[in-house]
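Following this note's numbering, the numbering of the sequence shown begins with 14 at its first residue and continues without gaps.
Beta carbons: idealized from backbone N, C-alpha and C, even for Gly.
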Amino acid sequence: MGQRADNISPKAPARPLGGIVRAGVVTALAIAFVAASVGFVYFLSQLRGAETAPERQADGIVVLTGGSSRISDAMELLAAGYGKRLLISGVHPTNDANDISRSLPDSQLLMGCCVDLDHSAVNTRSNAAETRRWARERGFKSLIVVTSNYHMPRAIVELAHAMPEIELIPFAVVGEKWRDEPWWTSGATLRLLLSEYVKYVAAELRVRLADLGLDLTPELPDQPGGASPRRPATAQAN
């Protein structure tokens with residue numbers, strides 16, 4: 014009996030699978046956090062802290078609505094001869110040229126001759142689709158893009174994907190709040206930047222997948238004359 018017991022080898026200790034899984038999860042989360050932090054820093058590096066005149070003139074100008082002073086800055090660029098025509102993309106369906114003229118009295122002549130309104134766009138992606146249709150109808154090969162500095166990276170991603178043959182010249186609008194205080198001292202500004210960063214990453218991923226032939230959310234084809242469905246009156250762009 015004693016000899017038989019001696020021949021029985023002891024059981025190997027059980028592998029700590031739970032600990033390995035936990036370590037793997039923690040490592041993955043740490044890598045994701047570092048990657049997100051590096052990406053956020055890169056995103057911030059693209060944001061301009063001051064408004065600078067476009068490097069040169071372009072065929073046209075497009076302004077994406079949704080932020081303060083975007084339209085007025087775009088009108089100033091048009092008046093200065095930086096483009097032949099201006100597209101205001103994402104105008105609320107209940108607003109027309111007269112509403113904009115009343116808010117910008119000095120722009121009435123330009124509104125009558127050189128400004129087009131897009132009421133169809135509901136987000137940055139549809140801004141890009143409507144801008145592409147407008148630019149192609151007029152044979153434009155270069156555009157000055159006017160939008161807020163925090164929105165510019167995502168806008169350029171969407172516009173460049175929609176019309177890679179057209180040169181894009183960014184003009185970033187810098188709001189008063191951005192100039193008055195550092196973004197990291199304002200909870201509201203920080204939340205805005207984090208939200209925009211997430212949207213920017215999502216746009217980058219979707220565009221890169223589409224370039225590989227994996228377009229999970231294909232856009233509707235261009236419709237002539239801007240006949241795409243109009244958004245509800247309560248919708249807002251960008």
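Whole-Å CB distance - residue i paired with residue j, under 8 Å assumed
i: His132; j: Pro106; result: 5 Å
i: Ala173; j: Thr137; result: Ala173 to Thr137, Cβ: 12 Å. No contact.
i: Thr160; j: Gly80; result: 7 Å
i: Val214; j: Gly103; result: Not quite, the Cβ-Cβ distance comes to about 22 Å (not below 8 Å), so this is no contact.
i: Met88; j: Leu117; result: 6 Å
Environment of residue i [buried if 16+ CB atoms lie within 10 Å]
i: Phe46; result: exposed
i: Leu227; result: exposed
i: Thr40; result: exposed
i: Thr247; result: For Thr247, the predicted model reports a pLDDT of 32, less than 50, meaning its position is unreliable and no value from the coordinates is stated.
i: Glu189; result: exposed
i: Arg146; result: buried
i: Leu77; result: buried
i: Asn162; result: buried
i: Tyr55; result: exposed
i: Ala71; result: buried
i: Leu42; result: exposed
i: Arg74; result: Looking at the sequence shown, residue 74 is not Arg but Ile. Ile74 is buried by the Cβ-count criterion.
i: Val211; result: exposed
i: Gln16; result: Any reading at Gln16 is ruled out, since the residue's pLDDT is 49, under 50, leaving its predicted position unreliable.
i: Ala335; result: There is simply no residue 335 to check, as the chain begins at 14 and stops at 251 in what is shown.
i: Ala175; result: buried
i: Ala36; result: exposed
i: Val186; result: buried
i: Val38; result: exposed
i: Ile44; result: exposed
i: Ala148; result: buried
i: Ile21; result: Low confidence applies to Ile21: its pLDDT is 49, below 50, so where it sits in the model is not reliable, and the reading given next is rough at best. Classification for Ile21: exposed.
Proximal residues to residue i (C-beta, below 8 Å), its chain only, five neighbours per side dropped
i: Thr230; result: Arg219
i: Glu171; result: Thr137, Arg138, Asn140, Ala141, Ala216 and Val220
i: Gln121; result: Ser114
i: Glu178; result: Lys154
Interface flag, residue i vs chain C, CB-CB below 7 Å
i: Leu225; result: Chain labels in this structure do not include chain C; a single protein chain is all it has.
Residues near residue i in its chain [Cβ-Cβ closer than 6 Å; skip 5 each side]
i: Thr202; result: Trp196
i: Val128; result: Leu99
i: Pro67; result: Tyr95, Ile157, Ile182 and Phe184
i: Gly32; result: none
i: Ser241; result: Here the model assigns Ser241 a pLDDT of 41, short of 50, so the residue's position is not dependable, and the following value carries that caveat. So the list reads Ser133, once near-sequence residues are dropped.
i: Val34; result: none
7 Å Cβ shell around residue i - same chain, five flanking residues per side excluded
i: Leu60; result: Asn162 and Tyr163
i: Ser208; result: none
i: Met124; result: Ala110, Ile113 and Ser114
i: Leu91; result: Ile74, Leu99, Leu123 and Cys127
| query | Pairing CB atoms from the stretch 78–98 with CB atoms from the stretch 220–229, are three or more of them under 8 Å? | reply | Touching, no, given that fewer than three Cβ pairs across the two stretches are closer than 8 Å.
| task | Decide yes or no for the touch test of the stretch 148–163 against the stretch 85–100: beta carbon pairs closer than 8 Å, at least 3 of them. | result | Touching, per the Cβ criterion.
| field | Complete runs of the alpha helix (DSSP H) confined to the stretch 181–209 [at least 4 residues] | value | Listed in chain order, they are 189–193.
| Entirely enclosed beta strand (DSSP E) segments - the stretch 134–177, minimum 3 residues | Listed in chain order, the complete beta strand (DSSP E) runs (minimum 3 residues) inside the stretch 134–177 are 155–161.
| query | If you scan the stretch 71–104 from start to end, which runs of the alpha helix (DSSP H) of 4 or more residues do you find wholly inside it? | reply | Here the runs fully enclosed are 83–92.
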